[in-house]
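Residue numbers (our numbering): 1 to 356. We put the CB at the ideal spot given by N, CA and C, even for glycine. Notes follow once the structure below has been shown.
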């Protein structure tokens with residue numbers, strides 16, 4: 001997709017192409033690039049094997065050598081039930097087709113369940129980097145509960161040929177403390193084995209919806225979740241694109257006390273522009289010492305392409321490292337899924353779309 005077609009698809013109502021960030025300037029950030037490992041990661045305590053596997057991620061797929069990442073995540077067979085997730089495209093009941101989509105779509109890596117990787121690992125582990133998702137929210141307990149449970153060990157993930165592990169923490173939930181302990185230990189083990197660590201830094205608490213406004217994707221709350229994620233040494237943070245701000249303010253009304261915030265978070269460190277909201281998330285990733293990849297989100301049919309490309313533009317211009325898109329790609333025919341993944345990648349390959 002050319003720059004002209006990207007502009008035509010998105011339009012210019014939000015000023016996504018020419019906007020310059022007014023709060024946190026790009027010169028203060030650790031930005032993606034071909035030399036990201038040497039420039040940013042070598043100063044860390046990561047061992048040689050972990051650095052090698054990080055470099056393998058950055059050198060794979062259509063974005064290889066750019067410092068950006070395009071990852072296909074398919075764990076919805078557990079997280080959202082297999083029937084509901086794959087009814088739109090039944091070939092993905094077979095995990096081999098998940099791997100095929102990632103390869104044909106030019107992705108840097110594929111992230112999926114330990115069962116899926118173990119079923120076809122010997123055939124594909126040397127063809128595309130594997131990320132083993134080690135915990136899940138299972139949806140077969142009645143009534144529904146929302147808790148990330150370990151499904152496998154780090155060693156088992158390593159044995160599938162995976163170069164890294166992925167995990168989710170539901171920050172704000174009643175179970176978040178135990179999830180934090182479990183994932184922190186898993187990340188330590190993974191780094192000992194030379195594996196890359198990716199954290200799905202999600203919020204989940206019904207109280208985060210105030211006056212019918214959903215603050216689960218508020219920049220201030222998701223930003224703090226990111227900061228907790230890099231504190232347990234996640235190499236890459238996966239976060240939903242922020243849609244608003246002021247979560248802390250909303251949760252401190254009517255005599256309620258929640259967390260800590262400062263008015264300068266909203267005036268000095270951020271504005272209401274979508275790129276600044278995303279940059280606040282990156283600021284909390286140690287200013288880019290851990291890469292920020294934003295989620296592609298749910299599939300909503302004909303608007304998927306525009307939404308995916310918009311997310312990529314905001315992430316890239318904010319200083320992020322890429323997009324991790326799953327349902328928008330696999331809940332459509334293979335050829336269309338490949339085209340959508342390529343369109344996301346085209347944003348990161350397009351030099352006219354630069355850091356704001």
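{"Check": "Residue 73, enclosing beta strand (DSSP E) - first and last residue", "Outcome": "69-74"}
{"Check": "Inter-residue spacing [alpha-carbon to alpha-carbon] between residue 88 and residue 331", "Outcome": "6 Å"}
{"Check": "Host alpha helix (DSSP H) of residue 339 (start-end)", "Outcome": "334-349"}
{"Check": "Segment limits, beta strand (DSSP E) that includes residue 201", "Outcome": "196-203"}
{"Check": "Ordered list of alpha helix (DSSP H) runs contained in the segment 60-119, each at least 4 residues", "Outcome": "76-79, 82-86 and 95-104"}
{"Check": "Residue 82 versus residue 134: straight-line alpha-carbon distance, rounded", "Outcome": "17 Å"}
{"Check": "Spatial neighbours of residue 146 in its chain, beta-carbon cut-off 7 Å, leaving aside the 5 residues before and after", "Outcome": "137, 170, 173 and 204"}
{"Check": "Nearest neighbour of residue 325, chosen from 59, 75, 51 and 17 [CA to CA]", "Outcome": "75"}
{"Check": "Residue 42, buried or exposed, once every other Cβ within 10 Å from all chains shown has been counted against 16", "Outcome": "exposed"}
{"Check": "Residue 170: first and last residue of the uninterrupted beta strand (DSSP E) it sits in", "Outcome": "164-171"}
{"Check": "Cβ-based neighbour list, residue 355, same chain, cut-off 7 Å, excluding 5 preceding and 5 following", "Outcome": "26, 31, 317 and 319"}
{"Check": "Given 8 Å, three or more beta-carbon pairs between the segment 151-160 and the segment 120-132", "Outcome": "yes"}
{"Check": "Whole beta strand (DSSP E) elements within the segment 277-312, 3-residue minimum", "Outcome": "291-295"}
{"Check": "The segment 211-226 contacting the segment 241-249, beta-carbon criterion three pairs below 8 Å", "Outcome": "yes"}
{"Check": "Residue 236 - partner residues in DSSP beta bridges", "Outcome": "198 and 291"}
{"Check": "Contact check, residue 283 vs residue 237, beta carbons under 8 Å", "Outcome": "no"}
{"Check": "Secondary structure of residue 45, DSSP reduced to three states", "Outcome": "coil"}
{"Check": "DSSP state of residue 130 mapped onto helix, strand, coil", "Outcome": "strand"}
{"Check": "Where residue 295 falls, given that 16 or more other Cβ within 10 Å makes a residue buried", "Outcome": "buried"}
{"Check": "Of the listed residues 278, 60, 96 and 208, nearest to residue 412 (C-alpha basis)", "Outcome": "The question about residue 412 has no answer, for the chain in this structure spans 1 to 356."}
{"Check": "Other residues of its chain near residue 353: CB distance less than 8 Å, five sequence neighbours each side excluded", "Outcome": "3, 6, 17, 313, 316, 317 and 347"}
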